[in-house]
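*Asks:* Got a structure for you, questions after.
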Amino acid sequence: MSSGEESCATVHSSPFQAKLEEIGTYISCEAVLTATLKAQKRVPALLCSILSFLCDNLLENSPVTRNLKSANMSALDLTSILDFLEKANLTEINWMCNNSDCITVDATTCPGTLNKSALLYTLSFFCIFIFVIGLVANSVVVWVNLQAKMTGYETHLYIFNLAVADLCVVITLPVWVVSLVQHNQWHMGEITCKITHLIFSINLYGSIFFLACMSVDRYLSVTCFTNSSNRKKKIARRCICILVWLLAFSASLPDTYFLKTVSTNNETYCRPVYPEESFKEWLVGMELISVVLGFLIPFPVIALFYFLLAKTISASSDQERKSSGKIIFSYVVVFLVCWLPYHTTVLLDIFYSLHFIPFSCQMENFLYATLHITQCFSLVHCCVNPILYSFINRNYRYELMKAFIFKYSAKTGLTKLIDASRVSEAEYSALEQNTK
Numbered sequence: 001m002s003s004g005e006e007s008c009a010t011v012h013s014s015p016f017q018a019k020l021e022e023i024g025t026y027i028s029c030e031a032v033l034t035a036t037l038k039a040q041k042r043v044p045a046l047l048c049s050i051l052s053f054l055c056d057n058l059l060e061n062s063p064v065t066r067n068l069k070s071a072n073m074s075a076l077d078l079t080s081i082l083d084f085l086e087k088a089n090l091t092e093i094n095w096m097c098n099n100s101d102c103i104t105v106d107a108t109t110c111p112g113t114l115n116k117s118a119l120l121y122t123l124s125f126f127c128i129f130i131f132v133i134g135l136v137a138n139s140v141v142v143w144v145n146l147q148a149k150m151t152g153y154e155t156h157l158y159i160f161n162l163a164v165a166d167l168c169v170v171i172t173l174p175v176w177v178v179s180l181v182q183h184n185q186w187h188m189g190e191i192t193c194k195i196t197h198l199i200f201s202i203n204l205y206g207s208i209f210f211l212a213c214m215s216v217d218r219y220l221s222v223t224c225f226t227n228s229s230n231r232k233k234k235i236a237r238r239c240i241c242i243l244v245w246l247l248a249f250s251a252s253l254p255d256t257y258f259l260k261t262v263s264t265n266n267e268t269y270c271r272p273v274y275p276e277e278s279f280k281e282w283l284v285g286m287e288l289i290s291v292v293l294g295f296l297i298p299f300p301v302i303a304l305f306y307f308l309l310a311k312t313i314s315a316s317s318d319q320e321r322k323s324s325g326k327i328i329f330s331y332v333v334v335f336l337v338c339w340l341p342y343h344t345t346v347l348l349d350i351f352y353s354l355h356f357i358p359f360s361c362q363m364e365n366f367l368y369a370t371l372h373i374t375q376c377f378s379l380v381h382c383c384v385n386p387i388l389y390s391f392i393n394r395n396y397r398y399e400l401m402k403a404f405i406f407k408y409s410a411k412t413g414l415t416k417l418i419d420a421s422r423v424s425e426a427e428y429s430a431l432e433q434n435t436k
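Per UniProt numbering, the sequence shown starts with residue 1, numbered consecutively.
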């Protein structure tokens with residue numbers, strides 16, 4: 001019989017066995033087993049060591065016993081257990097228990113090997129940069145679309161909704177920055193936690209879905225619906241936009257529902273609290289949903305329809321339409337570059353949670369850093385989308401020029417002339433030179 005099994009036998013014969021059984025009702029067995037599985041392969045030995053520690057050190061003269069006697073075990077003080085886990089090289093596996101609900105507050109190990117402060121402060125500055133650029137760029141797109149009323153453009157409605165979604169995403173960034181600089185702690189209340197996450201998630205999904213809708217719409221407009229009435233296409237696009245927002249809202253609800261503010265060791269976090277009996281299933285399920293809806297479905301749609309569109313355009317004799325192939329290619333590349341690293345890391349985290357990847361301090365720190373970095377980097381699309389889908393378009397630049405340069409200009413005759421003729425950029429430049 002191994003030493004671990006002997007330790008178990010000793011524990012089970014302990015005079016404190018009854019108390020251990022009572023305590024067991026307040027400690028998530030899955031939590032302890034997960035911690036021990038991550039710590040080493042000899043699970044029984046370490047698990048029994050934890051139980052032995054409970055017998056020898058907690059039950060007689062510790063806050064646990066006082067809680068058991070005075071509070072009828074309404075709450076369990078796990079401070080001593082955490083001290084033991086720290087000595088066992090399981091630091092920062094903090095289990096927050098409230099009655100029968102136990103959740104993981106932080107699941108990182110090997111402290112000191114990763115400079116989290118430097119990482120989080122750097123990402124905070126990067127998020128501020130994204131906030132400033134994204135706020136200005138998307139606000140301009142929304143304002144110009146409202147002023148110009150560009151109803152003649154095929155994807156005008158999608159571009160407007162895309163800009164609104166990206167704008168709402170970047171508006172939440174200052175709140176996340178406050179949390180980042182406090183090492184992901186949350187001191188703004190549970191309602192703010194839920195609302196901020198809901199706004200962020202809905203608009204993040206909405207932004208991705210509208211990009212996919214644009215790729216399909218552009219291809220169908222060139223190949224299938226060239227003779228359809230503008231009124232029918234406009235109604236169809238409005239219905240699709242409503243469906244996109246409903247889908248984004250539905251995809252964001254489950255995770256938002258489980259969000260709570262939880263506290264441990266005087267630190268408060270905004271985290272999802274999934275049912276204890278199926279915690280891992282919910283955690284993996286939510287991550288899979290984000291990968292499927294955020295990348296595995298949208299990216300093939302975007303890549304396929306832009307490929308078909310580029311193929312259709314290349315068959316045309318119009319040189320200007322041929323040159324747009326590079327722009328179409330950039331649509332696919334930008335989406336891939338922004339989102340592939342993040343979703344790859346999420347999949348890696350799923351495999352790690354399911355123990356397909358062995359536990360190690362290096363992998364734990366790698367996932368912690370990579371998830372933060374790739375998620376922050378993915379938000380660059382909020383800055384790139386206005387440039388790629390709006391500012392790079394000649395007709396949009398014309399509307400932007402008209403809105404900003406001519407709205408308060410005394411040269412009303414020039415403005416009317418441009419409105420009447422819908423001249424190209426080259427014609428406008430020549431016209432402007434003649435007026436000087």
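For glycine and all other residues, C-beta sits at the position ideal for the given N, C-alpha and C.
#1: Grouping DSSP H, G and I as helix and E and B as strand, with all else coil, what is VAL273?
#2: Assuming residue 437 and ASN145 make a contact with CB atoms under 8 Å, what is their CB distance in whole Å?
#3: Do LEU180 and LEU123 have their C-beta atoms within less than 8 Å of each other?
#4: Could you check if TYR331 is buried or exposed, using at least 16 other CB atoms within 10 Å of its CB as the buried criterion?
#5: For TYR352, I'd like the list of residues in its chain whose CB is within less than 7 Å of its CB, leaving aside the five on either flank, ordered along the chain.
#6: Measuring CB atoms only, is the stretch 251-270 touching the stretch 328-346, in the sense that at least three cross pairs come out at less than 8 Å?
#7: What is the DSSP secondary structure of GLN185, counted as helix, strand or coil?
#8: Which value, in whole angstroms, describes the spacing of the CA atoms of PRO174 and TYR121?
#9: Using three-state DSSP, classify SER263 as helix, strand or coil.
#10: If you count every other CB in all the chains shown that lies within 10 Å of the CB of SER314, and 16 or more means buried, which is it?
#11: Quick one: grab the DSSP three-state call for residue 440.
#12: Alpha carbon to alpha carbon, what distance is there between SER215 and SER324?
#13: Taking the straight line between their C-alpha atoms, what separation do you get for THR261 and GLU267?
#14: Considering only their Cβ atoms, is the gap separating ILE328 from LEU340 smaller than 8 Å?
#15: So VAL380 is in the alpha helix (DSSP H); what residue range does that whole segment cover?
#16: May I have the straight-line CA-CA distance separating LEU379 from CYS338, to the nearest angstrom?
#17: Taking contact to mean at least 3 C-beta pairs separated by less than 8 Å, is the stretch 229-246 in contact with the stretch 183-198?
#18: Would you give the residue range spanned by the alpha helix (DSSP H) that SER250 belongs to?
#19: Taking the beta carbon of CYS213 as the centre, do at least 16 other beta carbons fall within 10 Å, making it buried, or is it exposed?
#20: Under a three-way DSSP split, which group does THR268 fall into?
#21: Thinking THR113 and ASN365 are a contact (beta carbons under 8 Å), I'd like their distance in whole angstroms, please.
#22: When we look at the beta-carbon of HIS187 and count the other beta-carbons within 10 Å, is it buried (16 or more) or exposed?
#23: For LYS87, is the classification buried or exposed, using 16 other Cβ atoms within 10 angstroms of its Cβ as the cut-off for buried?
#24: Comparing C-alpha positions only, which one of ARG218, THR223, ALA251, SER252 sits nearest to ARG237?
#25: Taking all protein chains shown into account, decide if VAL169 is buried (16 or more other Cβ within 10 angstroms of its Cβ) or exposed.
#26: ASN395 to GLN182, Cα distance in whole Å?
#27: Please classify PHE125 as buried or exposed, where buried requires at least 16 other C-beta atoms within 10 Å of its C-beta.
#28: By a C-beta neighbour count over all protein chains shown, 10 Å radius and 16 as the cutoff for buried, is PRO275 buried or exposed?
#29: Do you know whose CA, among ALA251, VAL301, CYS382, ILE133, lies nearest GLY285's CA?
#30: Output the boundary residues of the alpha helix (DSSP H) element that contains TYR306.
#31: Let's test the definition: count the other Cβ atoms within 10 Å of the Cβ of PHE335 and tell me whether it reaches 16, buried, or not, exposed.
#32: Between which two residues does the alpha helix (DSSP H) holding ILE171 run?
#33: How big is the Cα-Cα spacing for TYR269 and CYS361?
#34: Among the candidates SER117, CYS127, ARG231, VAL136, whose CA atom is the shortest distance from the CA of GLN185?
#35: Enumerate in chain order the residues of its own chain whose CB-to-CB distance from LEU135 is below 6 Å, with the five nearest sequence positions on each side excluded.
#36: Please work out which residues of its chain come closer than 6 Å, Cβ to Cβ, to ALA303, disregarding the five sequence neighbours upstream and downstream, and give them in chain order.
*Replies:* Taking the coordinates as given:
#1: Coil.
#2: Outside the displayed range of the chain (1 to 436) lies residue 437, so it cannot be described from this structure.
#3: Between LEU180 and LEU123, the CB-CB gap stays under 8 Å.
#4: buried
#5: MET363, LEU367
#6: No: the two stretches stay apart, fewer than three of their Cβ pairs being nearer than 8 Å.
#7: strand
#8: 13 Å
#9: strand
#10: exposed
#11: As displayed, the chain neither begins before 1 nor continues past 436, which places residue 440 out of reach and without an answer.
#12: 14 Å
#13: 10 Å
#14: no
#15: Run containing VAL380: none; DSSP gives neither H nor E here.
#16: 7 Å
#17: no
#18: Note, SER250: alpha helix (DSSP H), 230-257.
#19: Classification for CYS213: buried.
#20: strand
#21: 6 Å
#22: exposed
#23: With a pLDDT of 43 at LYS87, under the threshold of 50, the predicted position of this residue should be treated as unreliable, though the coordinate-derived value follows. Exposed, by the Cβ-count rule.
#24: Checked all of ARG218, THR223, ALA251, SER252; the closest Cα to ARG237 is ARG218.
#25: buried
#26: Looking at the two C-alpha atoms, the distance is approximately 45 Å.
#27: exposed
#28: exposed
#29: If we check each option's Cα against that of GLY285, ALA251 comes out closest.
#30: 298-314
#31: buried
#32: ILE171 -> alpha helix (DSSP H) spans 156-171.
#33: 23 Å
#34: SER117
#35: VAL170
#36: VAL332
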